[in-house]
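To convert, note that position 16 of the sequence shown is 16 in full-length UniProt numbering; the numbers rise steadily by one, no gaps.
Beta carbons: idealized from backbone N, C-alpha and C, even for Gly.
All figures in this text were calculated on a predicted structure; none of them were measured in a lab.
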Amino acid sequence: MSKNVTALLGKTAYLNCRVKNLGNKTLNMQVSWVRHRDIHLLTVGRYTYTSDQRFRAIHLPHSEDWTLQIKYPQHRDSGIYECQISTTPHMSHFIHLNVVEPTTEIIGGPDLYIDRGSTINLTCVVLYSPEPPAYIFWNHNDAIISYDSPRGGVSVVTEKGETTTSFLLIQQARPSDSGTYQCNPSNAQSKSVMVHVLNGEYPAAMQRGGQAFAPTSPAHCFVLAVSLLISLS
């Protein structure tokens, strides 16, 4: 039975092998780590047998844990790693490492058209992250949005989990709210969307075949956002 471990691209990964209930066998026992992609012996005991210095074995005296440390993991490091225990009979423990890079998406971009006086509802989703971002900042035209500014009516709701979602709500949209909005998670690349607050006009970009398309209502936008989130989860 193999164990799955997810690591963040560029952030040190640890693969742990716990050796228990071996009694006196531990005196002559050796624990080795082998990478299956190229059948490469990485470590034996606490010694490293690869020229790639990102790999290191960690073991404390009298501890049951033998840990393979991988610094700055890359996508190519994904795959199966075997912890081999030199007992009789031979014992092994397999770990499947998956190196992921979190991605950020703003639902409905890259351009959103909002009627003046309605609510701007922006939804930012952080995917493929082994742990939730410590924080998510929202920017408007490169300035961090202040939720207690005199403008008022600005709020953020963030739901953390396997998929982290941040909702930016701006009530009573006005022309000065137009511009570039950027979602900035602590552990992923930022994502931007252009918001256009309309004063009853319909720009050419919203017209197809001579027919003008009105902006989607805030309620409909919310339903679409929730539907997409359900499909992503």
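Residue pairing by DSSP places isoleucine 39 in no beta bridge whatsoever. One thing to note: asparagine 139 has its Cβ within 8 Å of the Cβ of glutamine 182.
Distance between threonine 50 and threonine 158, taken at the CA atoms: about 43 Å. If the five residues before and after histidine 59 are omitted, its C-beta is found closer than 8 Å to the C-beta atoms of Val31, Gly45, Arg46, Asp65, Trp66 and Thr67, all from its own chain and listed in chain order. Excluding the 5 residues flanking it on each side, glutamine 172 has same chain C-beta neighbours closer than 7 Å at Gly117 and Gly153, in chain order. The Cβ atoms of proline 185 and threonine 104 sit closer than 8 Å to each other. Beta-carbon to beta-carbon, valine 126 and threonine 164 are separated by about 4 Å, close enough to satisfy the 8 Å threshold. For lysine 191, the enclosing beta strand (DSSP E) begins and ends at 191-198. Residue pairing by DSSP places proline 185 opposite Ile136 in a beta bridge.
Per the DSSP secondary-structure output, isoleucine 85 pairs in a beta bridge with Val31 and Met91. Taking every protein chain shown into account, the CB of aspartate 177 has 16 or more other CB atoms within 10 angstroms, so this residue is buried.
For glutamine 69, the enclosing beta strand (DSSP E) begins and ends at 65-70. For threonine 180, the closest of Gly161, Leu112 and Leu9 by C-alpha to C-alpha distance is Leu112. Leaving aside the five residues that flank proline 175 on each side, the residues in its chain whose CB is nearer than 6 Å to its CB run, in chain order, Val197.
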